[in-house]
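So the structure is just underneath, and the comments pick up after that.
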Amino acid sequence: MFRIDLMTDAVPAIVAAMRSAKVSRFILLTAQCTVYRPEHPKLVEWLVKPLFIGRNLADFWRAECHLTEQCSDINFTVVKPPRLTNEPLDEQREVKAAEGQFVPEGTDRRISRANVAKFMLDCAESDEAWSKKLQKSSSSANKMPMKLAILGATGPTGLLLVDQALARGHQVVAVVRSPDKLGSDRLTQPGLTVKQVPDMSAAAGEAEQKLLAEAFEGCDAVLSALGAPGSMFRIDLMTDAVPAIVAAMRSAKVSRFILLTAQCTVYRPEHPKLVEWLVKPLFIGRNLADFWRAECHLTEQCSDINFTVVKPPRLTNEPLDEQREVKAAEGQFVPEGTDRRISRANVAKFMLDCAESDEAWSKKLVAIQF
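Numbered per the UniProt record's numbering, the sequence shown finishes at 370, counting up by one with no gaps.
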């Protein structure tokens with residue numbers, strides 16, 4: 001009846017031990033339908049999960065998320081059977097397989113443990129068999145590898161940007177003030193370069209400006225997840241940082257810039273009343289004003305920069321959900337949206353999708369949410 005964390009705790013420990021032993025191939029047995037999808041069998045979602053194995057499936061799901069989001073160096077395959085039986089091995093019977101959470105064309109929602117063991121061993125004997133597969137691949141899976149500079153890489157959204165970019169096969173330059181905040185496991189990942197820049201504001205000296213420009217050298221795009229904590233006083237983090245970032249991009253001859261801000265950074269009468277009358281005055285009004293000044297710099301003084309400003313509402317720490325629709329609209333907010341939130345993981349995915357295309361929301365402010 002209580003939360004189960006066996007796999008949630010075990011998989012990170014297993015992966016850490018694999019890295020120490022320089023082993024990269026990992027075959028993990030979980031189960032089908034570990035996370036809700038509307039196309040799943042109703043019997044599973046309405047009866048089996050609530051009454052029997054819901055907490056086990058949630059435990060498996062958290063373990064799967066660790067692999068898909070934080071283990072770009074691990075060649076994993078997650079094997080997801082339905083109900084298991086104790087029948088003997090049947091090598092003549094066809095085993096249906098599909099990438100994702102369940103087999104949509106299957107009618108026999110069961111398989112023998114013996115056949116599951118055979119399937120797992122077949123995967124282990126091939127580095128290519130269902131490599132890094134669990135969920136449906138994103139549309140960006142076939143993009144050419146890029147070199148991406150990520151600012152704010154040690155923040156909660158920035159860390160997800162780093163992990164997802166590495167998982168897509170990109171080279172990442174993490175531009176940070178405190179490299180230790182990236183974590184020891186992440187620092188050893190192939191494809192990651194760390195550049196320490198103490199001050200990214202426009203007021204920084206020539207030395208800091210040179211470090212920032214050097215960090216951008218050879219990059220295809222710059223992504224910023226910078227942000228300041230709330231304050232009762234004026235905030236100028238982004239007001240100062242964005243001009244400095246743009247200047248460094250010009251020096252390094254990089255033109256693609258993806259900037260994370262927030263919805264409703266400037267007043268519009270059609271905005272949600274809760275935001276304008278309560279959230280802004282009491283909580284994040286000064287942060288939003290800081291973001292707005294940064295947005296104005298891009299729209300008014302950066303005609304040579306191919307920017308996209310990504311504007312989410314309230315951010316959550318839910319895992320990446322590639323099946324859920326992300327609503328997007330040009331401007332300050334999504335007018336038809338009702339769910340005024342989105343996960344940081346889905347924001348990171350949206351930003352990377354934009355970075356991988358020069359045309360995606362080019363020179364636009366785009367509001368997104370679930």
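Beta carbons are placed, not taken as given, at the ideal position from N, Cα and C, and that holds for glycine.
Residue i versus residue j: straight-line alpha-carbon distance, rounded
i           : j    : result
V173        : V366 : 25 Å
M7          : V35  : 15 Å
residue 373 : K80  : Since the first and last residues shown for the chain are 1 and 370, residue 373 lies out of range.
S139        : Q323 : Only weak support exists for where S139 lies, its pLDDT of 36 falling under 50; the value from the coordinates is given anyway. Straight-line Cα distance between these residues: approximately 12 Å.
F370        : P88  : 46 Å
T157        : D90  : 47 Å
P190        : T154 : 17 Å
E295        : V176 : 22 Å
T265        : Q332 : 7 Å
R340        : P313 : 6 Å
T299        : M146 : 26 Å
A213        : V23  : 37 Å
D5          : R286 : 40 Å
I224        : I150 : Sequence inspection shows Ser at residue 224; the Ile mentioned does not correspond to that position. Those two C-alpha atoms are separated by around 6 Å.
P12         : R344 : 21 Å
P319        : C65  : 7 Å
P82         : F60  : 13 Å
L159        : L182 : 7 Å
K364        : G227 : 20 Å
A141        : S126 : Model confidence at A141 stands at a pLDDT of 39, short of 50, so the residue's coordinates are unreliable; what they give is reported in the following sentence. Each residue's Cα considered, the two are about 21 Å apart.
C354        : L166 : 16 Å
I342        : Q263 : 12 Å
S251        : L161 : 24 Å
A241        : E356 : 23 Å
A215        : S178 : 15 Å
A58         : E45  : 12 Å
For residue i, three-class secondary structure by DSSP
i           : result
T239        : helix
L320        : coil
A329        : strand
Q171        : strand
F26         : strand
Q209        : helix
F350        : helix
S343        : strand
I4          : coil
S112        : strand
R177        : coil
N56         : helix
V79         : strand
F307        : strand
V334        : coil
K195        : strand
residue 372 : The structure shown has nothing for residue 372, since the chain only spans 1 to 370.
L298        : helix
L84         : strand
L89         : coil
R314        : strand
S72         : coil
S362        : coil
K96         : coil
M18         : helix
R234        : coil
M120        : helix
E128        : coil
Counted within 10 angstroms of its Cβ, other Cβ atoms place residue i as buried (16 or more) or exposed
i    : result
K96  : exposed
R3   : exposed
D49  : Contrary to the premise, residue 49 reads as Lys rather than Asp in this sequence. K49 is buried by the Cβ-count criterion.
E347 : The question names Glu, but residue 347 is Val in the sequence shown. By the neighbour-count rule (16 or more Cβ atoms within 10 Å), V347 is buried.
N317 : exposed
D358 : exposed
A98  : exposed
E94  : exposed
D180 : exposed
A117 : exposed
A244 : buried
Q92  : exposed
N86  : exposed
A124 : exposed
Residues that DSSP places opposite residue i in a beta bridge
i    : result
L223 : I150 and I258
K133 : T77
T34  : Beta-bridge pairing links T34 to no other residue.
Y368 : The residue you asked about is not Tyr; residue 368 is Ile in the sequence shown. Bridge partners of I368: A328.
Residue i Cβ short of 7 Å to the ligand MN heavy atom set
i    : result
N317 : The model depicted lacks the ligand MN and carries no ligand whatsoever.
Sufficient close CB pairs (3 or more, under 8 Å) joining the segment 289-296 to the segment 226-246: Yes: at least three Cβ pairs fall under 8 Å.
Touching by the beta-carbon criterion (3+ pairs, under 8 Å), the segment 212-221 and the segment 161-177: Because the criterion of three Cβ pairs below 8 Å is met, the segment 212-221 and the segment 161-177 touch.
Meets three-Cβ-pair contact criterion under 8 Å: the segment 245-265 and the segment 296-309: Enough Cβ pairs lie closer than 8 Å, so yes.
Any 3 or more C-beta pairs closer than 8 Å across the segment 70-79 and the segment 6-21: Cβ pair count under 8 Å is three or more, so yes.
Touching by the beta-carbon criterion (3+ pairs, under 8 Å), the segment 110-126 and the segment 50-66: Verdict: no, contact absent.
The segment 318-334 contacting the segment 344-364, beta-carbon criterion three pairs below 8 Å: Yes, since at least three Cβ pairs between the segment 318-334 and the segment 344-364 fall closer than 8 Å, the two stretches touch.
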